[in-house]
Amino acid sequence: MEKANTDKYVQLEHVNMTFNTKKGTFNALKGINLNIKEGEFISIIGHSGCGKSTVLNLIAGLLHPTDGLIFCAGREIAGPGPERAVVFQNHSLLPWLTCFENVYLAVERVFENETKAQLEARTHAAIELVGLTHSSDKRPNEISGGMKQRVGIARALAMEPKVLLLDEPFGALDALTRANLQDELMKIMAKSGCTAVMVTHDVDEAVLLSDRVVMMTNGPSATIGEILEVNLPRPRARLALAEDKEYNHLRSEVLRFLYERHAKKSA
Amino acid sequence: MTNTVNKLMPIAKCFTFGSSSSLNVQAYRFFRWILPPIFGLFLLAVIWAMIAEHTPELPGPIKTWASAVELFSDPFYDHGINDKGVGWNILASLQRVGLGFGLAAIIGIPLGFIIGRFEFVARMTAPVISLLRPVSPLAWLPIGLLVFKAANPAAIWVIFISAVWPMIINTAVGVNKVPQDYMNVAKVLNLSEWKIVTKILFPFVLPYMMTGVRLSIGVAWLVIVAAEMLTGGVGIGFWVWDEWNNLNVEHIIIAIFIVGIVGLLLEYALTQIAKRFSYE
Chain A
1 MEKANTDKYV QLEHVNMTFN TKKGTFNALK GINLNIKEGE FISIIGHSGC
51 GKSTVLNLIA GLLHPTDGLI FCAGREIAGP GPERAVVFQN HSLLPWLTCF
101 ENVYLAVERV FENETKAQLE ARTHAAIELV GLTHSSDKRP NEISGGMKQR
151 VGIARALAME PKVLLLDEPF GALDALTRAN LQDELMKIMA KSGCTAVMVT
201 HDVDEAVLLS DRVVMMTNGP SATIGEILEV NLPRPRARLA LAEDKEYNHL
251 RSEVLRFLYE RHAKKSA
Chain B
1 MTNTVNKLMP IAKCFTFGSS SSLNVQAYRF FRWILPPIFG LFLLAVIWAM
51 IAEHTPELPG PIKTWASAVE LFSDPFYDHG INDKGVGWNI LASLQRVGLG
101 FGLAAIIGIP LGFIIGRFEF VARMTAPVIS LLRPVSPLAW LPIGLLVFKA
151 ANPAAIWVIF ISAVWPMIIN TAVGVNKVPQ DYMNVAKVLN LSEWKIVTKI
201 LFPFVLPYMM TGVRLSIGVA WLVIVAAEML TGGVGIGFWV WDEWNNLNVE
251 HIIIAIFIVG IVGLLLEYAL TQIAKRFSYE
């Protein structure tokens, strides 16, 4: 076993992914190689259907690669684990549990040896972190979409993961709520210092939040086309960046990749 | 409350009976919800009376009503094994349905969960269920009589076998319909099988399960009359048969109403329970 390397905290080596469908085999991913540093924020961007969510599910351990290896902290990923928490696109909160109970469900599994009071304190802390203390006894259908997604983030963070996996976390939200949550996520990530991998199709979101933007080619047999370093200083302010030369340059790089070199053939 | 009243106002204005607005709402409610059902029942009584007019053997509504009043003035008399009050007969039937239905729930619901959760078991049981489910419940009566060597357990067995299928199938369907998202949550949170069942499967499946339970109680109550006609003893089904032998047609018609009303009440009670348990 390799010793945990901070430069290769999460490692994908020659990963291929093939799905067996009714119409035969579908080659989703081909030859994915990616090293993610500890504490790094990575965005995976690409057109819909390019397999970017598949990459995330592979790291989460929800899928197993057809070929290739995936490591996290020097260990091969065999399945889902508490060190890799997932924020789902559609929040995936259980509708019959309150916000508190949804978070508690995750906490009690990860910290099995702690007392009930300790577990409750953790749950409260996570809910406070996302600013939802006042709604913690509400059910998901009683709160807004943005609040649901906050609970989803609280649930993931409460597990104290090493790697936070975000699957288009703000895709279903309106632009204002999205901007708000992006800013908060940046603050939370700065505090927790954990590694994050986010799947997105929003160019601004990718550049604003990430240290590196992984751009994927179109499927089938999608692979990593290019990786863009984002060396903007943190903390990043949305308004200041809007007129920043470097930011706009990076933004147009991503746009160029997506719409010139790998434009999706419209149906 | 005031909100609903306001919403109803424009429609209620169509009926300009009273000067006060609340009276209008009451009038609206009466025409919308109370009058049509009463009219329907009245129509049934009229058709019944017209048929009875031309069929001397069939008693009309008024004669039947008089007989019902007499019958229900003393529903719990007991003149030996073959002559008990109608109340006892209803209770005896309800007890059989309760037992058969309860057993069906105890076995059917967990079985439904297992079938829904494990594909192998689903494939294994599919041919057996498909084969046995369409069989008329009464066809099971001889088997019950043979095995249990008594009429009462055989009747309960028939109830069991007819009530168990909707519960198995609806529970299994519910388990199958659990969204993949929730199962992914369970995987990512690494939940134990026990937590998956109690925190995800059970709350999600409950509405499906309650549909199965409601269908089951309907079938069970349908079947009990027929089963008791064949097995005898005390019970509403036997009572119908007994009154046919006595040629007391009023009582047979009363029995039809009793079966209908009790079935309606059972269904209503279960619907209310289902509403209480729904998370939405």
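Keeping their order, the protein sequence lines are chains A and B. Numbering-wise (UniProt numbering), the first sequence opens with residue 1 and increments by one. Numbering-wise (UniProt numbering), the second sequence opens with residue 1 and increments by one. Idealized CB from N, CA, C, for every residue including glycine.
Residue j beta carbon less than 8 Å from that of residue i
i                     : j              : result
P134 (chain B)        : W96 (chain A)  : no
G100 (chain B)        : T171 (chain B) : no
K162 (chain A)        : A73 (chain A)  : yes
L12 (chain A)         : G68 (chain A)  : yes
I253 (chain B)        : T64 (chain B)  : yes
R236 (chain A)        : L255 (chain A) : no
P59 (chain B)         : A49 (chain B)  : no
M198 (chain A)        : P169 (chain A) : yes
V225 (chain B)        : I90 (chain B)  : no
I42 (chain A)         : K52 (chain A)  : no
V175 (chain B)        : V213 (chain B) : no
V107 (chain A)        : L119 (chain A) : yes
I129 (chain B)        : W165 (chain B) : yes
Q149 (chain A)        : H91 (chain A)  : yes
L63 (chain A)         : M17 (chain A)  : yes
A154 (chain A)        : R122 (chain A) : no
F277 (chain B)        : M210 (chain B) : yes
residue 282 (chain B) : R96 (chain B)  : As shown, chain B starts at 1 and ends at 280. That puts residue 282 (chain B) outside it, with no answer to give.
Chain-ordered neighbours of residue i on chain B, where CB pairs are closer than 9 Å
i              : result
F100 (chain A) : Under the 9 Å cutoff, chain B gives no residues; its nearest Cβ is about 14 Å from F100 (chain A).
Chain-ordered neighbours of residue i on chain A, where CB pairs are closer than 8 Å
i              : result
N176 (chain B) : Near N176 (chain B) there are no residues of chain A at all, since even the closest Cβ is about 18 Å away, more than 8 Å.
L191 (chain B) : L105, R109
Residue range of the beta strand (DSSP E) that includes residue i
i              : result
S43 (chain A)  : 41-45
G68 (chain A)  : 67-72
I273 (chain B) : Careful: I273 (chain B) lies outside any beta strand (DSSP E), inside the alpha helix (DSSP H) at 249-277.
G31 (chain A)  : 24-36
A196 (chain A) : 195-200
T21 (chain A)  : 10-21
Contacts of residue i in chain A (Cβ-Cβ under 7 Å)
i              : result
I200 (chain B) : L94
Integer-rounded CB distance, given that residue j should sit under 8 Å from residue i
i              : j              : result
L29 (chain A)  : T223 (chain A) : 7 Å
E228 (chain B) : G237 (chain B) : 3 Å
R84 (chain A)  : A60 (chain A)  : 6 Å
H262 (chain A) : N218 (chain A) : 6 Å
V249 (chain B) : E57 (chain B)  : 7 Å
V15 (chain A)  : I32 (chain A)  : 4 Å
S216 (chain B) : M183 (chain B) : Incorrect: roughly 27 Å between the Cβ atoms, too far for contact.
W88 (chain B)  : D78 (chain B)  : 7 Å
M216 (chain A) : G46 (chain A)  : 3 Å
A163 (chain B) : A92 (chain B)  : With a Cβ gap of about 18 Å, A163 (chain B) and A92 (chain B) do not count as contacting.
L164 (chain A) : V87 (chain A)  : 7 Å
E229 (chain A) : F257 (chain A) : Between F257 (chain A) and E229 (chain A) the Cβ distance is about 14 Å, and since that is not below 8 Å, they are no contact.
Partner residues on chain B for residue i, Cβ-Cβ distance less than 8 Å
i             : result
F88 (chain A) : D181, N184, V185
G81 (chain A) : N190
Contact list for residue i against chain A, beta-carbon separation under 9 Å
i              : result
P203 (chain B) : L94, P95, W96, L97
Interface partners of residue i on chain B, CB under 7 Å
i             : result
A60 (chain A) : V188
Start-to-end residues for the alpha helix (DSSP H) that takes in residue i
i              : result
L258 (chain A) : Neither: L258 (chain A) is in no alpha helix (DSSP H) and is coded neither H nor E.
V234 (chain B) : It is not in any alpha helix (DSSP H) - V234 (chain B) carries neither H nor E in the DSSP assignment.
D167 (chain A) : Looking at the DSSP string, D167 (chain A) is not in any alpha helix (DSSP H); the run it does join, the beta strand (DSSP E), is 163-167.
I188 (chain A) : 175-192
I53 (chain A)  : Here residue 53 (chain A) turns out to be Ser, not Ile, going by the sequence shown. Unbroken alpha helix (DSSP H) run through S53 (chain A): 52-60.
R155 (chain A) : 145-158
Any chain D beta carbon closer than 8 Å to residue i
i              : result
L247 (chain B) : No chain D is present in this structure, whose protein chains are A and B.
Cβ-heavy atom distance, residue i to the ligand GTP, below 7 Å
i             : result
A78 (chain A) : In the structure shown, the ligand GTP is absent, as is every other ligand, since no ligand is present at all.
- Task: Can you check the stretch 75-134 of chain A for any alpha helix (DSSP H) of at least 4 residues that lies completely inside it and give the ranges in chain order?
- Result: 99-110, 116-129
- Task: Would you list, in sequence order, the uninterrupted alpha helix (DSSP H) runs of no fewer than 4 residues that lie entirely inside the stretch 17-103 of chain B?
- Result: 21-29, 35-54, 61-73
- Message: Extract the residue ranges of the alpha helix (DSSP H) inside the stretch 175-221 of chain B, only unbroken runs of 4 or more that lie entirely within it.
- Response: 180-188
- Query: Which parts of the stretch 205-255 of chain A are runs of the alpha helix (DSSP H), unbroken and 4 residues or longer, counting only runs that do not cross its ends?
  - Reply: 238-242
- Uninterrupted alpha helix (DSSP H) stretches inside the stretch 99-150 of chain B (no shorter than 4 residues): 119-132, 141-148
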